[in-house]
Every structure is written in structure tokens, then in C-alpha cells.
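The block underneath contains the structure these notes are about, expressed in C-alpha cells.
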Amino acid sequence: MTTESSLTDLTEDDVEMNAPPLPRPSAQKAYEYLLPLLNAFEATLSSITLPTELRDEWKCSTADMKGKSVQKPYKELGLWYQGAGKSTLVNALLGQRVLSASAALALQVITEISYRDVPNIEAVVDFISREQWAKDLARLIEDATDTTVDKEEEVTDTAFSPAYQAREKIYGIYPHLRNVSEKSWKVEELLDDPVVQGYLGQTKVFVAKKDVNFQKELEQFLASALAGSDTRAFWPLVKIVKIIGPFDVLSTGITLVDMPGHGDVDNTRDTMANENLKTADAICLVVGITRAKDDRDLHAYLHKHLCQTIIDGRIQEKSILITLTSADDPIGGNEITLEPAKQGIVDDLNQDAQALTQDMNALREKRDKKEKSKAKKNASAAIEKIREQMTALSQKRTLKTKEINRLRAIGRSEIVSESLQQKYAQLYRDLSRLTADTPVPPIPIFCVGSRDFMRLLQIDDLDDPIIFREPGETGIPQLRSYFESHGERRNLGEAIAVVSQFCEFLSRTSSTQFSASPMGNRATALTVQNAINDLEQRCGTRLDEMVTGIEKVHDDLLVIVDAAVSDAEEKSATIFENHTAKRWNQYRAMMRQEGQYETGNLNADLTKNILPLVQRDWNIAVNNLTPLHIKDFAEEIQEDLINTVKSISHDPSVRKSLGIETFIKSLHIANMDATKSAQRQGSRTWEPLMKKLLKPQYKKVSAEKGNGMYKRMKAASFAVYLADAN
């Protein structure tokens, strides 16, 4: 479950993205102090005489606090745009080579990376069950051996056909089948392959001895394409890979999650990917800086995900950031416009570089004349001196050029970051119906040069850094600091809560009386009982008012949602008709895969316009009005509780021992967590719901075979969609 960020308990200055990390590990130290006290209290309970009910209650409370006194993992989900340099960034953050950075490899498996104080990096690979692989393999073989032909329609090019793709996936796991006729492929025989059988339903742990070997060993479980044809690609058998190691950047509880399975035709992986999107504690959008300035496709990608994160409430809980990679890529002078002061510095450096080039050319001419001279032998010393001068000038010019590139790269980072910040602010104001001059909470944006960072720290066997001269200029240390502080602050909030709970528990247990109760006076007891009854009635009334207010907000939102759904229904036939441009075998494969196709899925196409139509009203209803109702309710009943206790007892220790503030806060957080979880499920419900509703139709249509089947498939589908639209 996503928890409300503990950053709300800290000052705004504490959450700046460049703020230094808190002394580590303060949360863990709190737990180390607290656990012995809880253990001692637990032991004391067994050695003293107490009423049974009271002993059981205190044991339960102690066990609850012990269960909370551990550092919680927080999942930071990475959403990567194509070409964003994922593996290089992850390796730079971890400070060592863990993932293969080969551009030829396409990672296909959900991967989690987390901290553990172990001597060597470990990879825990969870494989799917034999039963699951039997189903997947049967479907792949059916696709690979499908000889159904609709001679009335054109066929897709072989390289993009479902049959070809299914065969390639099977060949990756069973390379010996390349020389075996598809007709003889049998599910049971392939399931009994000794190597495959040894993986199915198992959890394997691999320990790194050397970085390179570890990367190569992981490739066969993570990647769809491998460097050597003699290596099997087992990724279709893998459920998830968990990489564990002494990665300091993750030591405060952050778990990095790579989600390449989003949109995968493999339904199991796609389901896990979508679940991760809903339940992740934070989202990191990763794109390449070279395309972030004016690439339309990338801007559409960012717009889509920023809209989703805003309506998910991630801005309020500070659980979204953007990372721009490849800040260490060279940049031309015509790609950006620097501010006048910085452009002046660059112009001066350019003039210096040009002057050095002219001096080098003059020396080159002088050298050439001497080398062509009849007295060349006598001029050898002079020629060598000229060469030394040219080398020195070349080095100076290189330094000037590097400084130009560095200043341009820094300027590009500032310009692109500011541009994205403005686009985000405009989007946030639009979704929140705010005026143009209303301040909005900033979103952390980091520009990083992963390759130069690794070059500077000699983490990888690469050349000298291209752009940056110091590790701090690459942005990686700042991003590391953000992750460390983010995990620590979240865990610190949890630690504060459990320590407060313990202090209140200790106060309550130490002041418990077993005789001479102050309630012995009947009149006093009656007064207390009446006060409690009145309080209960007021809280009940206020609860009803809160629920009524929230229901009104949601009812108004449902009217807008219904209108958007009706609009989607009207457009469904047109959307479906657009898919008839596919070749018959592509179309049939889409039906067999329950709407999934190579670059998307039909279920999403049919429902994609619903959220844009409702997102502004959704955001205001769920992230503004609903939390406001809950907040007002929590504050009012807390004040009422405190005033009631004051009227009963003027002893401050009584109010402290009750822990009213902590109790109400815990209820408020639990309520907000449930609200966030429900709304993140709700804003993503249309696509899976459409898939569920159309499942019988997918099954029926994909069963068509023989000549004319494409027309029959289209006719059957049209009948359903037109009926829905009407």
C-alpha cells in the first residue's frame, strides 16, 4: 500500500532536492534503541501479576510496535523512455557495473534492486511454475505452427508475423529446435528439457564474483537478445529478478524497480507491471535530455505520465521526479541559446580556440617548409621544437573546446529543466483550475551524465570524460543524495510514529491503577459516562456529515465519468475500424492475445479518451475536495476529544497517556492511504475492465480459420462494437 509521505511532517526547506542527506541511519538507530526496550517490557509482562485481559492487551501492543520497528522498503519505480540510457544510469547510481549497458540488449523482466550488507552482489531469480509455462508454451507453439491462411487477404511480412515472433521466443529457450520441424514440437517433451525443468517453479540465487561475468549471467534471464547464439534466453520463464547488494544509495530503504514489462503481450508480466504502477511508493520518469527539448513524441509521453501522476496525488506526497540522462552528450552551438552572460564567455573561448587554430596553422606551414627544405637535416631540432609547440597549442585548444562543451551542456541542462518545469506547472494549474500566477509545488528534475561519472570514478573501462571535469558536475551525486534522503525521511517519519506510540504506551502502562480507582465515586463515573456518550454522538454526527460530503463530491464526479464513457462508446466503432487496416494474421493475433498487439492494445485504444475528459474534475474531486473533507473531520474530532478529556481530568499526564494526537493521525493516514489506493485503482480501471468484458468475444473471433475468416472476424467484432456504441 502507498503510504502518505512523511515529508508532510517536516519543514518545506527540508525537502529541497539539493538538501544534504540526514545523518544516517537515524531511523535505524531509533529502532535499535527501541527494540531492546520493547523486549525488556515483554519480559517484564511475564514476571508480574496482571489481570489477564490487560496482559493480553499489552502483549498485543508490544508485538505491534515490534513489528513496526523495522526499516520499510520503498519502491522507486523507473519509467524509461526509449534510448534513455537505463543500464548506464543504474550502474552509475549503484557505483558499480551490475546491468549490461549493451544497446543490443532489450531487458524484458521486471527487476528490483535493493540494499543488503553482503560481501557480494546477489541476484534472486523467481521462475514461473511448470503449469504456467505449459500454458504459455502451448500458446506459443500454436502461434508458431499456425498454418491457417486466408488467401483472400494479404499476409504480414515474415519478420513481423506472430508466427515468426513466437518461433524466435521458443528458439531463445530451445535453440536446438531451429533444426527441428515445428510439427514435431510437443509441449510435454519441451517441459521435460533438463535445463528448463530445473528452473520452473524454482528460486535461484546467483552470486557475483566478477562484474563482467555477473552481467553476462544475468543477461540470459533479463534480455530478449543475447550477444552469443550459443546462450539461451530464459526471460520468458522468469517472473521477477531481485538484485541485492551493498549499494549505499539504497541503504535507507529505497528499492529501484525497472518495469520493462509494461505493455508486454505476456499477460502475467503486463499485470505485474500495471500493479507496480498503482502501488509504487514513488515514480521516476527517465528520458534523454537530447530529445527532451523539442521532441513531440517524448513530450506526449511526459504529458501522459505527468497527468497520471498528478491525478494519482503524487505531487502532494512528493513521490515523483524526472531524470534527464545523457547530459554528457556533446552539443552544438546552434542547438540552444544561452543567456547573454554565458554566451559571452563561450564566444570568448571560441575566439581563443580559433586564435590557437590559426597559430597551429602558422606553425604547421613553418614546419612543412623546413621539412621540404634541402637543409632538413640541419633543421631537425627546429622541426621538433615546432612539433612540441603545436602539441602544446593543441592541448590548449582541446581545453578551450572542452570548456565550451561543458558550459553548453550545463546551459542545456538549465534550459531544458526550466522548460519542463514550466510545462509541468502549466499542466498542474490546468488540472487544478488554478490561475496563471498561483504558485505550484515544484517537481524535482535532475540532469545527469552517467558515462562521464563512471569515467571520472573509473567504474567502467571507458575513455576520459567527454564533458564534465568533476563528479559533482555530472548530477549523479545529487541524484544519489536525493534517493538517500528520500528513503531516510520516509523511514524517519515511520520511526517518529512508532517512538511516539511507545512513549504514550509507556505513560499509559506506568499510570495504570488496579485499586482505589478515581471512578469509585458514582457521580463522577456518571459524569464521565455522559461525556463519553455525548462525544460518541457528536463524532458519529460529524462522521455522517463527512461521508455525505464525500459522497456528494463522488456523485458529481460520476456524472462527468458517465458522460466520458458515453463518448468513448460513440467512438468505439471508429476505433475498431481503424484496426482493420492490420493484415489478417496480425489482426487474428491481436484477438488471440486479448487485444494486445505489437505497439499497444485495443482495450487501451477503446478507453484512452476517458481519462483526458475527466482528469481535471477527477483531480479536484479526489486530490482536493475529498482530502479536505477528511482533514477537517480529523481536526474537528481531535479537538473535540481533547476538550472532552480536559473536562473529565485536568491532569496533563492523562491526556498524554491517551495519545489522542498520534491516534487520530494514524487513523487519518490510514484513511488517506485507502483513498489514494482506491483512486489509483479507479483511474486505471477502464482498460482492464474493457479487456474483461471483451474476453469472450476475443476467444470467439480468434477461433476463426480458413478462407474468408478475416471478413468473418471483422463482421463478428463489428456487431459487438456497434451494439455497444448504440
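For the sequence shown, this note's numbering gives the first residue as 1, with consecutive numbering after it.
We put the beta carbon where it would ideally sit given N, CA and C, even for glycine.
The stretch 404-418 makes contact with the stretch 342-349: 3 or more CB pairs, one atom from each, lie closer than 8 Å.
Uninterrupted alpha helix (DSSP H) stretches at least 4 residues long and entirely within the stretch 371-449 occur at 380-432, given in chain order.
Per DSSP, the continuous alpha helix (DSSP H) segment holding L137 begins and ends at 130-144. Taking C-beta atoms under 8 Å as the contact rule, P477 and L457 fail to qualify, at a distance of about 10 Å. When the Cα atoms are used, L298 and L277 turn out to be separated by approximately 19 Å.
For I322, the CB contacts under 6 Å within the same chain, skipping 5 residues up- and downstream, are L285, I445 in chain order. Comparing C-alpha distances from G201 to each of L222, E484, L237, R291 shows the shortest one belongs to L237. Nearest to R712 by alpha-carbon distance, out of T580, L667, I311, is T580. By the neighbour-count definition (other C-beta atoms within 10 Å, threshold 16), I48 is an exposed residue.
Judged by their CB atoms, V249 and F483 are nearer to each other than the 7 Å cut-off. Under the DSSP assignment, E53 falls in the alpha helix (DSSP H) whose first and last residues are 52-68. In the three-state scheme derived from DSSP, where H, G and I count as helix and E and B as strand, S510 is classed as helix. With a threshold of 16 other beta carbon atoms within 10 Å, A355 falls short and is exposed. The C-beta separation of T325 from L89 comes to about 5 Å, placing the pair in contact by the 8 Å criterion. In the structure shown, I331 falls within a coil segment according to DSSP collapsed to helix, strand and coil.
Check the Cα spacing between V257 and each of D463, D562, T599, W80: the tightest is with W80. Taking the Cα positions, M709 is about 27 Å away from E570.
By the Cβ criterion, the stretch 675-682 is not in contact with the stretch 578-593, since fewer than three pairs of Cβ atoms, one from each stretch, lie closer than 8 Å. DSSP places W80 in the uninterrupted beta strand (DSSP E) bounded by 74-80.
The three-state reading of DSSP puts N120 in coil, since its state is none of H, G, I, E or B. About 13 Å separates the beta carbons of L34 and S61, which is beyond the 8 Å limit, so they are not a contact pair. Looking at I550, R684, V559, F453, the one whose alpha-carbon comes closest to that of L93 is F453.
For the 7 Å CB-CB criterion, N120 and A208 form a contact. Under DSSP, K204 shares a beta bridge with V125.
Using a Cβ-Cβ distance cut-off of 8 Å, the stretch 123-139 and the stretch 183-203 are in contact, since at least three pairs of beta carbons, one from each stretch, lie closer than that value. The Cβ neighbour count for H486, taken over all protein chains shown within 10 Å, is at least 16; the residue is labelled buried. In this structure, the beta-carbon distance from A362 to K400 does not fall below 7 Å. For the pair I637 and L543, the Cα-to-Cα distance works out to about 9 Å. In the pairwise beta carbon analysis, the stretch 559-579 is classified as not touching the stretch 121-128: fewer than three pairs are separated by under 8 Å. An exposed status is given to V547, since fewer than 16 other beta-carbon atoms sit within 10 Å of its beta-carbon.
Beta-carbon to beta-carbon, I311 and V622 are separated by about 7 Å, close enough to satisfy the 8 Å threshold. Cβ-Cβ distances below 8 Å link L427 to H303, L306, C307, I310 in the same chain, with the five nearest sequence neighbours on each side left out; the list follows chain order. For the pair K582 and I110, the Cα-to-Cα distance works out to about 30 Å. A direct Cα-to-Cα measurement between G245 and G95 gives close to 11 Å. Membership of K691 in the alpha helix (DSSP H) is indicated by the continuous run 686-702. In the DSSP assignment, E636 falls outside any beta strand (DSSP E) and within the unbroken alpha helix (DSSP H) covering 626-648.
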